[in-house]
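Just so you know, we're using the UniProt record's numbering here: the sequence shown kicks off at 1 and counts up by one.
Think of the CB as a built atom: it goes at the ideal place given N, C-alpha and C, for glycine as much as any other residue.
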Amino acid sequence: MTYPSAGCETCKSRRIKCDETKPTCKRCKKSRRVCLWGQSTDQTYFSIHNENRYASGNTKRPRGPRSALTGTHHHHHHHHHHQHSSNTPQQGQQLQQYRSLHIDLSTRALVYYLHYYLAKPYAQDTVPSISRGLHDHLGSWLSGTKHCNPLVDLAISSMALAVFARTQHHPPAAIEASAKYQRLLAMMRTSISSPNLVDDAKNIDDCLLAIFFMSRFEDSNHCRFDMAHGNGKVMRLADYSPNSYAHHDGALAILKIWKEHHCPHQYLAHSQSPKQAAPSEIIKYLRRGMIRSAVLRHLALPEWLWEGRWYGEKGLDLGYDRAIVRIVNLRRELAVLVQRQSHTQTLSHEMLLAADKLNDEARDIDTELHEWTSRFPRAWSYQKHTLTATDPHLGDGNSRNGEKEHFYSSTVYSYASPAHPAAWILYFATRMLINNARLKILGLLLCPQRRQPTPHSNLEGESDAYEYEKQRQECLSRLNATADDLASSIPFILERFKVKEKDDTGSSDYSDQNQIIFNTDKEIKPYLATLAAWPLSIASCLDGLDLKQRLWFGSELASIGRILGVGVFEFAVTDQWLKL
Numbered sequence: 001m002t003y004p005s006a007g008c009e010t011c012k013s014r015r016i017k018c019d020e021t022k023p024t025c026k027r028c029k030k031s032r033r034v035c036l037w038g039q040s041t042d043q044t045y046f047s048i049h050n051e052n053r054y055a056s057g058n059t060k061r062p063r064g065p066r067s068a069l070t071g072t073h074h075h076h077h078h079h080h081h082h083q084h085s086s087n088t089p090q091q092g093q094q095l096q097q098y099r100s101l102h103i104d105l106s107t108r109a110l111v112y113y114l115h116y117y118l119a120k121p122y123a124q125d126t127v128p129s130i131s132r133g134l135h136d137h138l139g140s141w142l143s144g145t146k147h148c149n150p151l152v153d154l155a156i157s158s159m160a161l162a163v164f165a166r167t168q169h170h171p172p173a174a175i176e177a178s179a180k181y182q183r184l185l186a187m188m189r190t191s192i193s194s195p196n197l198v199d200d201a202k203n204i205d206d207c208l209l210a211i212f213f214m215s216r217f218e219d220s221n222h223c224r225f226d227m228a229h230g231n232g233k234v235m236r237l238a239d240y241s242p243n244s245y246a247h248h249d250g251a252l253a254i255l256k257i258w259k260e261h262h263c264p265h266q267y268l269a270h271s272q273s274p275k276q277a278a279p280s281e282i283i284k285y286l287r288r289g290m291i292r293s294a295v296l297r298h299l300a301l302p303e304w305l306w307e308g309r310w311y312g313e314k315g316l317d318l319g320y321d322r323a324i325v326r327i328v329n330l331r332r333e334l335a336v337l338v339q340r341q342s343h344t345q346t347l348s349h350e351m352l353l354a355a356d357k358l359n360d361e362a363r364d365i366d367t368e369l370h371e372w373t374s375r376f377p378r379a380w381s382y383q384k385h386t387l388t389a390t391d392p393h394l395g396d397g398n399s400r401n402g403e404k405e406h407f408y409s410s411t412v413y414s415y416a417s418p419a420h421p422a423a424w425i426l427y428f429a430t431r432m433l434i435n436n437a438r439l440k441i442l443g444l445l446l447c448p449q450r451r452q453p454t455p456h457s458n459l460e461g462e463s464d465a466y467e468y469e470k471q472r473q474e475c476l477s478r479l480n481a482t483a484d485d486l487a488s489s490i491p492f493i494l495e496r497f498k499v500k501e502k503d504d505t506g507s508s509d510y511s512d513q514n515q516i517i518f519n520t521d522k523e524i525k526p527y528l529a530t531l532a533a534w535p536l537s538i539a540s541c542l543d544g545l546d547l548k549q550r551l552w553f554g555s556e557l558a559s560i561g562r563i564l565g566v567g568v569f570e571f572a573v574t575d576q577w578l579k580l
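Following this line, the structure appears as C-alpha cells:
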C-alpha cells in the first residue's frame with residue numbers, strides 16, 4: 001500500500017522532494033514559486049495544475065528515459081484511440097487539467113509580489129511605527145476587507161506584474177501590466193468623479209490605496225531611456241515632474257476631501273455633529289507620503305495638512321511628524337529666498353533678516369530632532385563595531401558591485417533586531433536633511449554680495465561673517481558625522497551581518513572582529529530594502545555631502561531599486577539624480 005506524499009503540490013508537480021515546511025516550503029521559497037498544499041488546493045483561489053498525467057500519480061510512469069515519454073505517449077495514444085474510445089471524455093478532462101503547466105501570469109505575479117515583497121520577516125510590533133508605510137498595512141487590509149474592490153484589485157495586480165516583469169526580466173508581464181494599468185486609469189477617472197467618493201470614507205480609502213499603487217507603478221517603470229527626448233536632449237529629473245508626481249497631486253486632492261468631510265477634528269469642533277471614527281491607517285500613511293513628496297519637490301505643505309494628530313499620528317511618531325513638517329516648510333522658504341537672491345545677485349537687508357531667521361529655525365529643528373531620540377526605547381540602542389581593514393567583505397566607499405557595496409567603512413552598528421535601525425536611519429537621514437538646508441542658509445549669509453552696503457557696516461559685517469563661518473563648519477561636521485552614522489547602520493538593516501552571542505564562560509575572544517558573522521551570500525529581503533529606501537533617497541540627494549559618500553548612498557539606493565523593481569532608483573548613480 002502506498003501513502004500519499006505530505007509535500008506541497010508545487011514540489012509534486014516538479015517531482016522533487018518537499019521539506020513540508022508550511023505555509024511556504026523551503027524549496028518553493030528558494031525558487032520563488034507559488035507553494036500550495038493538497039488539502040487546500042480545491043478551495044484556494046491560486047489553483048495549480050500538474051504538468052502531465054504521470055506527475056499526478058494517477059497513471060504509472062513507464063520505465064525508460066524521460067525524454068522518450070512525450071513521443072511514445074502521443075504515438076501510443078493515437079494508435080489505441082479507438083480501443084479506448086470509451087475513456088476519451090475522462091482522458092480529455094484530465095489532459096485539459098494536466099497540460100496547464102503554469103499558473104496564469106497575473107496570479108503568478110500577484111502571489112510572487114504578496115509573498116516576497118509584502119511579507120514581513122518580523123512581527124509587526126518589532127518595526128518602529130514611524131518607519132511603517134502602506135506596504136505594512138496592505139496584508140491586514142487584504143485579509144480583513146469585507147468586500148472586493150475592483151479598483152484596488154486592478155491596482156495591486158498592475159503593480160505586481162510590473163515588479164515581476166522588472167525583477168524577473170519577463171517582458172510578457174510588462175505588456176500585461178501596461179494593459180491593466182491603462183484600464184486602471186480609466187476606472188480611476190470614473191471613481192473620483194462619483195458622488196459616493198465624498199459620502200463614504202471607505203471609498204476614499206480605496207481610491208487612496210489605488211493611487212498609492214499607481215504612483216509606485218510609475219516609479220517602477222521609470223527607465224533611463226524615458227529621459228531622452230526627440231531633440232536628443234537628456235533632461236535632469238529635477239527639470240521636470242515624473243509621472244508619479246501627478247498621482248501625488250491626485251492623492252492630495254482626495255485627502256483634502258477626507259479632511260473636509262470625515263476628519264474627526266472637524267466634527268469635534270461642532271457639538272451638533274456626531275463624533276467620527278479615528279482616521280484609518282491608509283489616511284495616516286498617505287499623509288506621510290504627501291510629506292515625502294513635498295520634500296522631493298521643494299513644496300510647502302498646505303496648512304490643513306500640518307497637524308498630525310488629525311491624521312492619526314501620536315506619541316513618538318507625533319514628535320517626528322512635527323519636526324518634518326517644520327523642515328518641509330523651512331525648505332520651501334529657503335527655495336524662495338535662493339530664487340530671489342539669484343535674480344538680484346545681492347542679499348538685501350530684508351532678505352538678510354529672513355535668512356538669519358531661517359538659520360535660527362533650522363538650528364532649533366536640529367536640536368528638536370536630537371532630543372527626540374532620547375525618547376527611543378532602550379531596546380532600539382545600537383552598538384559600534386570596528387572591522388579590520390583587510391576584511392574581504394569591507395568596501396572602500398568606491399565599490400559598485402558584489403557584497404562590498406553594502407559596507408562603506410570599517411565601522412558598523414548592530415542592533416537587537418534588524419527592524420530596530422529603521423527608526424534610527426530615518427532620524428539620521430532627516431537630520432542630514434535639515435543640516436544640508438542650514439548649510440545653504442549659511443552660504444547665503446556668507447555670500448560676498450550678501451547685502452546692500454550701508455554706512456558703518458564693515459565692522460559689523462566682518463563680525464557676522466566670522467560667526468556664520470564658525471556655524472558653517474560646525475554644521476558641515478555634523479552633517480558628515482550623521483552621514484557616517486547612517487552608512488554604518490545600512491549593513492545591519494539589510495542583514496549583511498549579525499552578531500554572535502557572547503560566550504558565557506568568557507573564555508573565547510570576543511573582539512569586534514570575532515563577534516561578526518557575515519551574511520553577504522544571502523539575498524536581501526525586499527521588506528528590509530523598503531525600510532532603507534527612503535533614508536537612502538534623502539542621503540543620495542544632498543549636495544552638501546561629501547561626493548564620495550553621496551555616490552555610495554546612490555549606489556546603495558540603485559542596488560535596492562534592483563531588488564524592489566523601482567526603475568527610478570537607477571538614476572541615483574547618474575548625474576541626472578535629484579538634488580536636495
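- Inter-residue distance for L296 and Y245 is about 10 Å (C-alpha atoms, whole angstroms).
- DSSP lists Q383 as the beta-bridge partner residues of S414.
- Nearest in C-alpha terms to V325, of all of Q345, L299 and E350, is L299.
- Distance from the CA atom of P526 to the CA atom of A416, rounded to whole angstroms, is 20 Å.
- Counting only runs of at least 3 residues, the segment 516-570 fully encloses the following beta strand (DSSP E) elements, listed from N- to C-terminal order: 516-518.
- In this structure, the beta-carbon distance from N149 to D206 falls below 8 Å.
- Apart from the 5 residues on each side of it in sequence, Y320 sits with its Cβ closer than 7 Å to the Cβ of I130 and W372 in its chain, given in chain order.
- A straight-line Cα-Cα distance of about 41 Å links F212 and L387.
- In the structure shown, F497 falls within a strand segment according to DSSP collapsed to helix, strand and coil.
- Membership of R309 in any alpha helix (DSSP H) is not indicated, and neither H nor E is assigned to it by DSSP.
- For E20, the three-state secondary structure derived from DSSP is coil.
- Close CB contacts of K259 within its chain, under the 6 Å cut and outside five residues either way in sequence, are with W304 (chain order).
- Contact check for L580 and I538: beta-carbon distance about 7 Å, within the 8 Å limit, so the pair qualifies.
- L330 sits close to A362, with the two beta carbons spaced by under 8 Å.
- In this structure, the CA atom of A294 is about 41 Å from the CA atom of I103.
- By the beta-carbon neighbour count (other beta carbons within 10 angstroms, threshold 16), N196 is exposed.
- Boundaries cannot be given for I130, as no alpha helix (DSSP H) includes it and DSSP labels it neither H nor E.
- Residues of the same chain with a CB within less than 7 Å of the CB of G250, apart from the 5 flanking positions on each side, are I211 in chain order.
- Listed in chain order, the non-local C-beta contacts of M159 below 6 Å within the same chain comprise F213, R216 and F217, local neighbours out to five positions each way being set aside.
- For the pair A173 and N221, the CB atoms are not nearer than the 8 Å cut-off.
- With contacts defined as CB atoms closer than 8 Å, R32 and Y116 qualify as a contacting pair.
- Within the model, the alpha-carbon separation for C447 versus L551 is close to 27 Å.
- By a beta-carbon distance limit of 8 Å, I365 contacts I434. Their separation comes to about 5 Å.
- Between L334 and M351, the C-beta spacing is not below 8 Å.
- Unbroken alpha helix (DSSP H) runs of no fewer than 4 residues, entirely contained in the segment 314-358, are found at 315-344, following chain order.
- Of all C-beta pairs linking the segment 479-494 to the segment 408-424, three or more are shorter than 8 Å, placing the two stretches in contact.
- Sequence-distant Cβ neighbours of Q471 in its own chain, meaning closer than 7 Å and more than five residues away, are L442.
- When DSSP states are grouped into helix, strand and coil, P377 belongs to the coil group.
- C35 carries a coil assignment under DSSP once its states are collapsed to helix, strand and coil.
- For Y427 against L369, the beta-carbon gap comes to about 7 Å, under 8 Å, which counts as contact.
- Counting only residues of its own chain and dropping the five nearest sequence neighbours on each side, L209 has a CB closer than 6 Å to the CB of V152 and I282.
- Burial is judged here by how many other beta carbons sit within 10 angstroms of a residue's own beta carbon; I517 has fewer than 16 and is exposed.
- Using a Cβ distance threshold of 8 Å, F376 and A423 count as a contacting pair.
- A contact between stretches requires three or more CB pairs, one per stretch, nearer than 8 Å, and the segment 557-571 meets this requirement with the segment 164-178.
- A Cβ-Cβ separation of about 7 Å places G308 in contact with R322 under the 8 Å criterion.
- With a cutoff of 8 Å on beta-carbon distance, I490 and A429 are scored as not near each other.
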